[in-house]
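The structure under discussion appears below in the form of structure tokens.
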Amino acid sequence: MLYKFYQHFILKYPLLVLSMAIIGILLFGLNVSKLEIDASAETLLLDNDKDLTFLRKIEKRFKSNDVLIIAYEPKEALLSKQSLDTLKSLSQELEALPLVESVDSILSAPLLYSPLRDMDSLLHETRTLANSDINLTLAKHEFLTSPLYKDSLVNKDFTISSILINLHKDTQYTTLLEERNALLLKKRTLSLNDKEEKKLQHVTSSFKQHRDIQRQRVNKNIQDIRTIMHKYKQNASLFLGGVQMISNDIIGFVKSDLAIYGSILILLLIIVLGVVFRKPRWVVLPILICTLSVIAITSALGFWGWEITVISSNFIALQLIITISIVLHLIVRYEELNAKYPKASSRRTILLTMLSKATPTFFAIITTIAGFSSLLFSHIHPVINLGWMMSAGIVLSFIISFIVFPTTLMLLKKSSPKPKKPHTFSLAKLSSHIVLHDSKIIFLITFLAIIFSITGASQLIVENSFINYFKKDTDIYKGMRIIDQELGGTTPLDVILTFCSDGECATAAKTTQSEDTQEDEDSFEDEFDTEENQEQYWFTDEKINIIKQVHQYLYTLNATGDVKSFATILQTGKILNKGKDLDSVEIALLYKKLPQKYRDIILSPYVDINDSQVRFSTRIKDSNPGLRRNELLQKINQDLAKFLNPEIVTYKLSNLMVIYNNMLQSLFSSQIMTLSLVLIILFVMFLLLFRSVFLTLIALIVNIIPIGIIFGFMGWLHIPLDIMTITIAAIAMGIGVDDTIHYIHRFKEEFYTDTNYIKTMQRTNESIGYAMVYTSITVIIGFSILVLSNLVPTIYFGLLTMLVMAAALISNLILLPKLLLLIKPLRS
84 MLYKFYQHFI LKYPLLVLSM AIIGILLFGL NVSKLEIDAS AETLLLDNDK
134 DLTFLRKIEK RFKSNDVLII AYEPKEALLS KQSLDTLKSL SQELEALPLV
184 ESVDSILSAP LLYSPLRDMD SLLHETRTLA NSDINLTLAK HEFLTSPLYK
234 DSLVNKDFTI SSILINLHKD TQYTTLLEER NALLLKKRTL SLNDKEEKKL
284 QHVTSSFKQH RDIQRQRVNK NIQDIRTIMH KYKQNASLFL GGVQMISNDI
334 IGFVKSDLAI YGSILILLLI IVLGVVFRKP RWVVLPILIC TLSVIAITSA
384 LGFWGWEITV ISSNFIALQL IITISIVLHL IVRYEELNAK YPKASSRRTI
434 LLTMLSKATP TFFAIITTIA GFSSLLFSHI HPVINLGWMM SAGIVLSFII
484 SFIVFPTTLM LLKKSSPKPK KPHTFSLAKL SSHIVLHDSK IIFLITFLAI
534 IFSITGASQL IVENSFINYF KKDTDIYKGM RIIDQELGGT TPLDVILTFC
584 SDGECATAAK TTQSEDTQED EDSFEDEFDT EENQEQYWFT DEKINIIKQV
634 HQYLYTLNAT GDVKSFATIL QTGKILNKGK DLDSVEIALL YKKLPQKYRD
684 IILSPYVDIN DSQVRFSTRI KDSNPGLRRN ELLQKINQDL AKFLNPEIVT
734 YKLSNLMVIY NNMLQSLFSS QIMTLSLVLI ILFVMFLLLF RSVFLTLIAL
784 IVNIIPIGII FGFMGWLHIP LDIMTITIAA IAMGIGVDDT IHYIHRFKEE
834 FYTDTNYIKT MQRTNESIGY AMVYTSITVI IGFSILVLSN LVPTIYFGLL
884 TMLVMAAALI SNLILLPKLL LLIKPLRS
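Using our numbering, you'd call the opening residue of the sequence shown number 84 and step up by one each time.
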């Protein structure tokens with residue numbers, strides 16, 4: 084059938100077929116304009132994560148807003164007139180921005196005991212550096228010692244201060260997100276009727292439209308803030324931090340990376356192809372096919388609405404590498420046949436090239452898709468989409484290559500065979516020599532590689548350090564590092580306590596579990612006895628002691644920086660009360676006197692009396708090299724379980740620390756489980772292709788060892804498994820099997836010429852071996868451009884892929900033929 088397809092259609096009407104293919108791809112390419120980039124926090128979250136549902140309820144309940152932080156380090160003393168004037172002017176300009184709700188700094192921070200005053204005086208007059216004549220010595224002492232301000236508003240050396248930029252809450256985004264997620268949840272668990280399906284489409288479209296508009300506004304806001312900061316760089320060092328800034332800058336990095344990957348990789352391919360083949364057609368044709376394949380897949384992404392994220396930002400590099408691999412095998416085979424049959428017509432040479440490479444290339448494509456298919460078992464949409472992207476891209480590359488390559492050559496004059504020159508050095512011939520004469524060394528190195536892999540893999544860690552995602556010379560890294568080390572940490576972690584009454588904790592626990600799975604049910608409201616929830620009587624001695632105990636525990640952890648809770652207010656009250664603890668009666672009286680605006684500032688972020696919950700807001704020091712996030716969360720859970728009575732109070736950890744850890748642990752476990760599934764799929768594919776159990780096992784061994792070497796290097800070099808590097812096994816397995824399939828397929832063809840294993844190995848190495856070398860070198864050089872990325876995980880990904888391709892080449896040229904000679908799986 085394939086013969087007839089090429090003979091009677093592709094090769095009979097080459098100009099028509101080529102024109103239709105190019106015009107069709109270019110017309111479909113109009114969808115490229117729909118391609119979008121999404122680097123928001125939503126792209127790194129698990130579907131149906133119970134902790135995510137809980138976090139969104141807690142954020143709404145405790146009225147959390149988005150905040151940007153500026154680390155302000157003036158050149159003069161922090162409380163000098165020049166520094167305060169600069170800070171005042173900077174704050175006023177920031178407050179004038181449309182997305183900024185308010186700006187808090189040492190200028191606006193209430194000074195409660197500079198000097199000490201009675202409670203009534205404090206309630207009726209709020210004194211700050213901006214509105215009062217304050218003793219600066221007392222103010223400095225308060226900033227450095229107050230539980231409200233130390234290690235968060237100012238650093239220990241009193242050289243750096245925080246400027247908190249409180250942003251307007253985007254209620255429309257939250258509403259659309261909740262509405263969309265509720266419909267998606269119902270679609271996954273039950274089903275939607277026609278009306279609900281239309282509503283889901285409308286809400287999803289409205290959500291994306293609003294998100295894109297808001298993203299432009301956020302980007303302009305970040306640029307405006309940086310422009311304002313730039314004005315004051317002569318008076319102070321300023322560093323911006325915050326989740327919005329990180330998401331915004333990552334989008335810029337991804338766009339920059341995509342432009343770099345496309346342009347520089349094409350340039351590298353032109354150079355490599357020119358050096359290797361020294362024929363203009365073998366430079367222009369591969370570049371044409373690569374360009375068409377990239378246009379096709381990016382158009383498909385725009386058409387299907389798949390968005391590029393941090394995880395899939397290197398898909399263009401992967402697409403180009405896979406495409407060039409297919410084309411190089413076709414070129415080498417064509418040149419080989421052209422040299423072997425110089426008098427054959429161009430049509431017959433092209434036809435034989437396509438027919439002889441169709442089967443191994445098809446199975447190589449299928450096994451590559453099988454490698455990427457492991458990503459589909461993740462519960463993270465960007466990872467799943469990367470699997471679909473690459474699977475679709477590989478299919479498109481295969482189709483485009485097997486149409487454009489023969490039709491273009493049919494329109495060109497047949498080239499003369501490339502004259503064979505004696506090679507002063509040939510990796511293919513060298514590998515043949517090593518296979519025949521260095522058996523002990525081969526197996527010794529293989530054994531050492533296995534030991535290296537096992538011992539290294541045993542040291543692998545799964546970590547997700549945000550600060551280490553960025554190069555040290557980027558503004559993100561500098562800002563995060565200062566905020567992390569000097570101003571109380573970066574990654575937020577909350578501990579939520581829920582107090583129970585009359586032994587209702589068991590019911591409350593069940594209710595909490597139900598709440599996690601049913602997003603639109605808020606079952607907290609009926610958990611507690613209404614009499615105890617009378618506001619002024621809620622603050623009992625028992626609750627206060629528990630709050631103090633948990634706060635002190637969190638504060639003493641090495642990994643935590645700033646810790647804020649109701650206990651912080653109690654510590655401040657103790658200072659104001661001349662060193663005496665406030666008892667429950669005094670707290671109740673104070674609460675009754677406290678104006679609502681102060682309740683919103685002091686209590687609302689940490690206490691929800693209606694639901695009998697308290698929140699401990701902590702920030703984790705992300706730059707701590709010894710931090711093990713999953714172990715830390717397990718330790719906190721275990722320790723809290725030891726000293727909290729479950730009949731009195733229940734607890735739950737929340738916020739980004741928990742959400743991202745859930746994502747990474749899920750990704751790790753899914754990849755480990757599905758890697759075995761990929762091996763089973765590969766086993767079946769190899770068995771169908773080679774029709775031999777021995778050949779199948781040899782092929783698997785040859786491909787497993789390079790993967791093991793990668794994990795060994797990662798373990799010994801302490802490179803963590805994160806959202807980028809954790810996919811390396813699936814991707815490397817997918818790309819690495821190509822050479823194995825082409826080699827064994829060619830080995831079987833050559834073997835039946837004379838059934839001599841040694842001569843077969845030599846002929847195979849000196850034919851398909853060159854294609855493997857050219858392909859691997861091109862892939863390695865191609866992935867080298869990833870080191871230009873601003874994202875460190877992308878750099879690691881590029882280096883590790885280069886390493887695995889080099890290991891796979893050596894394994895396929897040396898270990899594979901050695902095992903074939905040793906086991907002799909083919910019959911005469």
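Quick reminder that beta carbons are idealized off the backbone N, C-alpha and C, glycines included.
How do the region 108–117 and the region 708–720 stand: do at least 3 beta-carbon pairs fall below 8 angstroms, yes or no? no
With 16 other CB atoms within 10 Å as the buried threshold, where does residue 697 fall? Working through the sequence shown from its first residue, we reach residue 697 at position 614. Residue 697 comes out buried.
Would you be able to state if there are at least three C-beta pairs under 8 angstroms between the region 511–530 and the region 492–501? no
Which parts of the region 250–325 are runs of the beta strand (DSSP E), unbroken and 3 residues or longer, counting only runs that do not cross its ends? 319–324
Own chain partners of residue 120 with C-beta closer than 7 angstroms, once the 5 adjacent residues on each side are dropped: For the purposes of this step, residue 120 is identified with residue 37 of the sequence shown, where counting begins at 1. 334, 337, 338, 390 and 391.
Alpha carbon to alpha carbon, how far is residue 175 from residue 187? Start at 1 with the first residue of the sequence shown, and residue 175 comes out as number 92. Start at 1 with the first residue of the sequence shown, and residue 187 comes out as number 104. Going from the Cα of residue 175 to the Cα of residue 187 covers about 11 angstroms.
For residue 209, which residues in the same chain have their Cβ closer than 8 angstroms to its Cβ, ignoring the five residues on either side in sequence? As a working note, residue 209 is residue 126 in the sequence shown. Closer than 8 angstroms at the Cβ level, and outside the excluded window around residue 209, lie 193.
Name the residue from 870, 327, 243 and 797 whose alpha carbon lies nearest to the alpha carbon of residue 298. As a working mapping, residue 298 is identified with position 215 in the sequence shown. Among 870, 327, 243 and 797, the Cα nearest to that of residue 298 is on 327.
Check whether the Cβ atoms of residue 477 and residue 537 lie closer than 8 angstroms to each other. Indexing the sequence shown from 1 puts residue 477 at position 394. Indexing the sequence shown from 1 puts residue 537 at position 454. Not in contact: residue 477 and residue 537 (Cβ atoms no closer than 8 angstroms).
Just to confirm before moving on: does the CB-CB distance between residue 866 and residue 884 stay below 8 angstroms? Within the sequence shown, numbered from 1, the residue matching residue 866 stands at position 783. Within the sequence shown, numbered from 1, the residue matching residue 884 stands at position 801. A contact, by the Cβ cut-off of 8 angstroms.
Got a sec? Which residues, its chain only, sit under 6 angstroms from residue 894 by beta carbon, not counting five neighbours each side? Your numbering for residue 894 matches position 811 in the sequence shown. Counting only Cβ-Cβ distances below 6 angstroms, and skipping sequence neighbours, we find 785, 788 and 789.
Backbone CA spacing between residue 606 and residue 282 [nearest angstrom]: Along the sequence shown, read from residue 1 onward, the residue named residue 606 stands at position 523. Along the sequence shown, read from residue 1 onward, the residue named residue 282 stands at position 199. The predicted model places residue 606 with a pLDDT of 43, which falls under 50 and marks its position as unreliable; any figure quoted below should be read in that light. Spanning the two alpha carbons is a distance of roughly 26 angstroms.
Which of helix, strand or coil DSSP assigns to residue 154: By one-based count along the sequence shown, residue 154 stands at place 71. Three-state DSSP puts residue 154 in a strand.
What is the rounded straight-line gap between the Cα of residue 94 and the Cα of residue 104? As a working mapping, residue 94 is identified with position 11 in the sequence shown. As a working mapping, residue 104 is identified with position 21 in the sequence shown. Roughly 14 angstroms separates the two Cα atoms.
Whole-angstrom C-beta distance between residue 840 and residue 904, which should lie under 8 angstroms: As a first step, residue 904 is located in the sequence shown; it is residue number 821 there, counting from the start. As a first step, residue 840 is located in the sequence shown; it is residue number 757 there, counting from the start. Their Cβ separation, rounded to whole angstroms, is 5 angstroms, which keeps residue 904 and residue 840 in contact under 8 angstroms.
Whole-Å CB distance - residue 114 paired with residue 474, under 8 angstroms assumed: Looking up residue 114 in the sequence shown gives position 31. Looking up residue 474 in the sequence shown gives position 391. Between residue 474 and residue 114 the Cβ distance is about 18 angstroms, and since that is not below 8 angstroms, they are no contact.
Under the DSSP definition of a beta bridge, which residues are partnered with residue 245? Mapped onto the sequence shown, residue 245 falls at position 162. The partner list for residue 245 (beta bridge, DSSP) reads 154.
Have a look at 253, 275 and 393 and flag the residue whose alpha-carbon is nearest the alpha-carbon of residue 873. Taking the first residue of the sequence shown as position 1, residue 873 is located at position 790. It is 393.
Span of the beta strand (DSSP E) holding residue 644? Position 561 of the sequence shown holds residue 644. Residue 644 -> beta strand (DSSP E) spans 643–647.
Which full runs of the alpha helix (DSSP H) of 4+ residues lie inside the region 140–210, going along the chain? 164–178 and 202–207
Which residues mark the beginning and the end of the beta strand (DSSP E) in which residue 118 is found? As a working mapping, residue 118 is identified with position 35 in the sequence shown. Element bounds for residue 118: n/a, residue is neither H nor E.
Using DSSP with H/G/I as helix, E/B as strand and the rest coil, what is residue 580? Numbered from 1 along the sequence shown, position 497 holds the residue referred to as residue 580. Note: residue 580 maps to strand in three-state DSSP.
Please identify the residue among 411, 746 and 227 whose C-alpha is closest to the C-alpha of residue 856. By 1-based counting over the sequence shown, the position of residue 856 is 773. The shortest Cα separation from residue 856 among 411, 746 and 227 belongs to 411.
State the start and end residues of the unbroken beta strand (DSSP E) segment that holds residue 699. Counting from 1 along the sequence shown, the entry for residue 699 is found at position 616. That run of the beta strand (DSSP E) goes 696–703.
Other residues of its chain near residue 912: CB distance less than 6 angstroms, five sequence neighbours each side excluded: Residue 912 lies beyond the range of the chain shown here (84 to 911); nothing can be said about it.
Decide if residue 358 is buried, meaning its Cβ has at least 16 other Cβ atoms within 10 Å, or exposed. Here residue 358 refers to the residue found at position 275 when the sequence shown is read from its first residue. Exposed, since its Cβ has fewer than 16 Cβ neighbours within 10 Å.
Below 8 angstroms on the Cβ atoms is my contact criterion, and I expect residue 731 with residue 582 to pass it. Report the Cβ-Cβ distance as a whole number of Å. On the sequence shown, residue 731 is found 648 positions in, with the first residue counted as 1. On the sequence shown, residue 582 is found 499 positions in, with the first residue counted as 1. Right, their Cβ atoms sit about 7 angstroms apart.
When the Cβ atoms of the region 448–465 are set against those of the region 369–380, are three or more pairs found closer than 8 angstroms? no
Mind reading off the beta-carbon distance from residue 543 to residue 794? Whole number of angstroms is fine, and I expect it under 8 angstroms. As a first step, residue 543 is located in the sequence shown; it is residue number 460 there, counting from the start. As a first step, residue 794 is located in the sequence shown; it is residue number 711 there, counting from the start. With a Cβ gap of about 6 angstroms, residue 543 and residue 794 count as contacting.
Suppose contacts are defined by Cβ-Cβ distances below 8 angstroms. Is residue 413 in contact with residue 480 by that definition? For the purposes of this step, residue 413 is identified with residue 330 of the sequence shown, where counting begins at 1. For the purposes of this step, residue 480 is identified with residue 397 of the sequence shown, where counting begins at 1. Not in contact: residue 413 and residue 480 (Cβ atoms no closer than 8 angstroms).
Count the other CB atoms within 10 Å of the CB of residue 270; is the residue buried (16 or more) or exposed (fewer)? As a first step, residue 270 is located in the sequence shown; it is residue number 187 there, counting from the start. Residue 270 comes out exposed.
In chain order, what residues of the same chain lie with their CB nearer than 6 angstroms to the CB of residue 153, ignoring the 5 residues before and after it? Taking the first residue of the sequence shown as position 1, residue 153 is located at position 70. 246, 321 and 323.
Just verifying my parser: in three-state terms, what is the DSSP assignment at residue 876? Working through the sequence shown from its first residue, we reach residue 876 at position 793. Residue 876: helix per DSSP, three-state reduction.
Candidates 231, 235, 147 and 819: closest to residue 155 by CA position: Taking the sequence shown and counting its residues from 1, the one referred to as residue 155 is at position 72. Cα-wise, what sits closest to residue 155 is 235.
Using a Cβ distance threshold of 8 angstroms, determine whether the region 644–659 contacts the region 735–751, with at least three qualifying pairs required. no
Within the continuous alpha helix (DSSP H) that includes residue 737, where are the two ends? For the purposes of this step, residue 737 is taken as the residue at position 654 of the sequence shown. Segment 732–737 is the beta strand (DSSP E) holding residue 737; no alpha helix (DSSP H) there.
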